[in-house]
Every structure is written in C-alpha cells, then in structure tokens.
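Asks: 46 is the number of the first residue of the sequence shown in my numbering; add one for each residue after it.
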Amino acid sequence: MTTRLPALFLGHGSPMTTITDGPERRNWIALGEALPRPKAILVISAHWETSGKVHVTAGDAPRTIHDFSGFPDELYAVQYPAPGSTWLIDRVTALLGDGRVVPDESWGFDHGAWGVVLPMFPDAAIPMVEMSLDRALSPEQLLELGRDLAPLRDEGVLLVGSGNIVHNLRLWRQFAGTRPDWAVDFQARINAAVEAGDVGALTRFAREDQAASAAINSAEHYLPLLPIVGARLEGDKVGVFNDTIDGALSMTSFLIGDTALLESAV
46 MTTRLPALFL GHGSPMTTIT DGPERRNWIA LGEALPRPKA ILVISAHWET
96 SGKVHVTAGD APRTIHDFSG FPDELYAVQY PAPGSTWLID RVTALLGDGR
146 VVPDESWGFD HGAWGVVLPM FPDAAIPMVE MSLDRALSPE QLLELGRDLA
196 PLRDEGVLLV GSGNIVHNLR LWRQFAGTRP DWAVDFQARI NAAVEAGDVG
246 ALTRFAREDQ AASAAINSAE HYLPLLPIVG ARLEGDKVGV FNDTIDGALS
296 MTSFLIGDTA LLESAV
C-alpha cells in the first residue's frame, strides 16, 4: 500500500533563497528528509500562466528555466535535470478529463518549481511535471481542480503549489525590513481560513478590502494555494511553517496531511 503524501503550498520568495542558507531553505531541506520518497512530483507554479487550458511540461528532460534577472551568476548556473513523467501526465489527463490538459514541450521547470523542489530533493532523480496556472479558471474552479487531483496523493505523487500569500513587488522596496499591518492582517486571515477549511474566506474578497488588494495584487502568486487547499482529504490536518513576512512578501507555507512530518522536520 502506498503511503498518502501531503499536499504542500510553499512560499518561494526570492530566487536567492534556493542557494542561500537561511531558515526557510533549512526547513525545505528538513522537510524533504522527513517526507516519504515520492514516486513523482506535480508542481503548480505561479511563474507559468496560461488561459483556457492547463498545460503540463512534456518530454523526457524538461529544461531548467531561469526566469529572473539581475542575480549572481551562481544562480544562473543552477540546473535541475529531473526527468519528466509520461505516466503522471496520463494520470492528470484522466483525472481532469479529455480536452483540459495540454502537454507542452516548450516550457520547462521555472523558478517556482525548481526553486522549492531542489532543496527538498537535490538529487533531481524524482520524475517531475510542472502544471501551469490557468487564469481562465475562477477561484472556485481552482479549488475543484485540486479536488480532482487529490487521488494522486494516494498514488505516490507529491502535490506542490508554489507562490506567495503576500506578494507585491511594487511595494517591496517601500516596506522592506518591516511587517506592515496590512500584510500581517491578510496573512493571519489566510492562515486561519486554510486551517479552518473556510474556502469562502480564501476565494471572496470585498472590493474595499485594502489588505487583500495590496497582498494579492496581480494574484498569480496567491492562486496556486487554492488547488492545494482543494486537495485536502478527510482526516487531513494543516501545518503552518516558514510563517515570515518581509515587507510586501511572505514565505508562509502549508502542509496539508500528516502534520507529524513537520514536527520531525521544522
């Protein structure tokens, strides 16, 4: 019998976090050591947006994408040569239905994917597929996407959503080194909603909700949370870790499943 794997939402933050010693990276490393070894990994990344279809990385060896600029050469030298997985693409297609999934050999593993998976599984030996964020889907439909994918957790697949709960690069310099009230407020509300399974509080925000407007901003970094919340199964608990805020960026992460894995790792 395959051990049920958790579903993870990981705040990925700056690309430098992947190669710089710090508490968030150390926690990713420890979590990778505590997790049962996955058969495959499916990552929904904030850094790959499509509209109307869900795309998945295809091919035997998807490329490593350095989708950022202005960083040290050391970061551009990073490669994550994990193999692709035809089996996982076929399972995703079966679960979501014909016509909803597009195998795509033009993309690869972007910073949202390799940036968090590399510290957990540095050998790059586990087959991995990245899934795009379909911006044509409503928040409720993204939750449903997670429900559709949830059976993979009992088939040896680690589900990972990669983004940030608070992510507003326009405001980052203004608030760097501080914990602004709007960010602290929004983060606390989302933490409470995820723990309580309050999907309404995760998907519906009032027009006058200034904290949500500032934190979510263009939304692509927030939305990968929703499929992970949707993949929650009966009996799952929620563990919060890396719960930090620096200005307009948070690293807060969630493990949905067996939270004893966090107790031994983080």
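Yeah, the Cβ is synthetic: ideal placement off N, Cα and C, and Gly gets one too.
Consult DSSP for Ala257 and reduce its assignment to one of helix, strand or coil.
Replies: Here residue 257 is taken as the residue at index 212 of the sequence shown, counted from 1. Helix, per DSSP.
Asks: For Pro164 and Ala103, I'd like the C-alpha separation in whole angstroms.
Replies: As a working note, residue 164 is residue 119 in the sequence shown. As a working note, residue 103 is residue 58 in the sequence shown. Between Pro164 and Ala103, the C-alpha separation is close to 23 Å.
Asks: Any idea what DSSP makes of Met296, helix, strand or coil?
Replies: Taking the first residue of the sequence shown as 1, we reach residue 296 at position 251. Met296: coil per DSSP, three-state reduction.
Asks: So what does Thr95 bridge to, in DSSP terms?
Replies: As a position in the sequence shown, residue 95 is number 50, starting the count at 1. In DSSP, Thr95 forms a bridge with Asp179.
Asks: Is it right to say Gln232 is buried, meaning 16 or more other beta carbons lie within 10 angstroms of its own, or is it exposed?
Replies: Taking the sequence shown and counting its residues from 1, the one referred to as residue 232 is at position 187. Answer is buried; the Cβ neighbour count reaches 16.
Asks: Can you grab the Cα-Cα spacing for the pair Ser137 / Val146, in whole Å?
Replies: Residue numbering aside, residue 137 sits at position 92 when the sequence shown is read from its first letter. Residue numbering aside, residue 146 sits at position 101 when the sequence shown is read from its first letter. The displayed chain sequence assigns Val, not Ser, to residue 137. Taking the straight line joining both Cα atoms gives about 8 Å.
Asks: Alpha carbon to alpha carbon, what distance is there between Glu185 and Val349?
Replies: Residue coverage of the chain in this structure runs from 46 to 311, which leaves residue 349 outside it and unanswerable.
Asks: Once DSSP output is grouped into helix, strand and coil, what is the label at Leu50?
Replies: Position 5 of the sequence shown, counted from the first residue, corresponds to residue 50. Leu50 falls in the coil class under three-state DSSP.
Asks: Please go through the same chain and pick out, in chain order, the residues whose beta-carbon is closer than 6 Å to the beta-carbon of Trp227, but skip the five residues on each side of it.
Replies: As a first step, residue 227 must be located in the sequence shown, where it is residue number 182. Closer than 6 Å at the Cβ level, and outside the excluded window around Trp227, lie Ala256, Ala259.
Asks: Count Cβ pairs between the segment 204-211 and the segment 112-123 that sit closer than 8 Å; are there 3 or more?
Replies: No contact exists between the segment 204-211 and the segment 112-123.
Asks: Short check: CB of Phe106 to CB of Pro83, under 8 Å?
Replies: Reading the sequence shown from its first residue, position 61 is the one you call residue 106. Reading the sequence shown from its first residue, position 38 is the one you call residue 83. As written in the sequence, residue 106 is Ala, which differs from the Phe given in the question. Going by C-beta atoms, Ala106 is not nearer than 8 Å to Pro83.
Asks: Three-state secondary structure (DSSP) at His156?
Replies: Residue mapping note: residue 156 aligns to position 111 of the sequence shown, counting from 1. Note: His156 maps to helix in three-state DSSP.
Asks: Among Glu200, Phe113, Ile110, Leu294, which has the Cα closest to the Cα of Val229?
Replies: As a position in the sequence shown, residue 229 is number 184, starting the count at 1. If we check each option's Cα against that of Val229, Leu294 comes out closest.
Asks: Taking the Cβ atom as the reference point for each residue, do Ala52 and Arg277 lie within a distance shorter than 8 Å?
Replies: Here the question's residue 52 lines up with position 7 in the sequence shown. Here the question's residue 277 lines up with position 232 in the sequence shown. In contact: Ala52 and Arg277 (Cβ atoms closer than 8 Å).
Asks: I think Val285 touches Asn236, with their Cβ atoms under 8 Å apart; what is that distance to the nearest whole Å?
Replies: Residue 285 sits at position 240 when you count from the first residue of the sequence shown. Residue 236 sits at position 191 when you count from the first residue of the sequence shown. Rounded, the Cβ-Cβ distance is 6 Å, consistent with contact.
Asks: In the DSSP output, what is Gly242 paired with across the bridge?
Replies: Your numbering for residue 242 matches position 197 in the sequence shown. Looking at the DSSP assignment, Gly242 forms no beta bridge with any residue, so it has no partner.
Asks: Once the 5 residues before and after Asn262 are set aside, which same chain residues still bring their CB inside 6 Å of it?
Replies: On the sequence shown, residue 262 is found 217 positions in, with the first residue counted as 1. Closer than 6 Å at Cβ, skipping near neighbours: Asn213.
Asks: Considering only DSSP beta bridges, list what Lys282 is partnered with.
Replies: Working through the sequence shown from its first residue, we reach residue 282 at position 237. Looking at the DSSP assignment, Lys282 forms a beta bridge with Gly302.
Asks: In whole angstroms, give me the CA-to-CA distance for His156 and Glu279.
Replies: Residue mapping note: residue 156 aligns to position 111 of the sequence shown, counting from 1. Residue mapping note: residue 279 aligns to position 234 of the sequence shown, counting from 1. Looking at the two C-alpha atoms, the distance is approximately 32 Å.
Asks: Kindly indicate which three-state DSSP category Gly56 falls into: helix, strand or coil?
Replies: The residue given as residue 56 occupies position 11 in the sequence shown. If DSSP states are grouped into helix, strand and coil, Gly56 belongs with the strands.
Asks: For Thr297, does the count of other Cβ atoms within 10 angstroms reach 16, so buried, or fall short, so exposed?
Replies: Position 252 of the sequence shown, counting from 1, holds the residue named residue 297. The residue in question, Thr297, is buried, as its Cβ has 16 or more Cβ neighbours within 10 Å.
Asks: With a CB to CB cut of under 6 Å and the five nearest residues on each side skipped, what residues in its chain are close to Thr48?
Replies: Looking up residue 48 in the sequence shown gives position 3. Taken in chain order, the residues that qualify are Pro81.
Asks: Tell me which residue opens and which closes the alpha helix (DSSP H) that Gly142 is part of.
Replies: What you label residue 142 is simply residue 97 of the sequence shown in a count that begins at 1. No alpha helix (DSSP H) holds Gly142; DSSP gives it neither H nor E.
Asks: Exposed or buried, what is Arg252 when buried is set at 16 or more other beta-carbons lying within 10 Å of its beta-carbon?
Replies: The residue given as residue 252 occupies position 207 in the sequence shown. Burial call: exposed.
Asks: Any beta carbon from chain C within less than 8 Å of Leu197's own beta carbon?
Replies: The question asks about chain C, but that chain is absent: this structure has only one protein chain.
Asks: Secondary structure at Leu203, three-state DSSP: helix, strand or coil?
Replies: Walking along the sequence shown from the start, residue 203 turns up at place 158. DSSP places Leu203 in strand when its eight states are reduced to three.
Asks: My assumption, with CB atoms under 8 Å, is that Val274 sits in contact with Leu188. Please give the rounded CB distance.
Replies: Counting from 1 along the sequence shown, the entry for residue 274 is found at position 229. Counting from 1 along the sequence shown, the entry for residue 188 is found at position 143. Rounded, the Cβ-Cβ distance is 6 Å, consistent with contact.
Asks: Give the DSSP-derived three-state secondary structure of Ile171 in the structure shown.
Replies: For the purposes of this step, residue 171 is identified with residue 126 of the sequence shown, where counting begins at 1. It is coil, neither helix nor strand.
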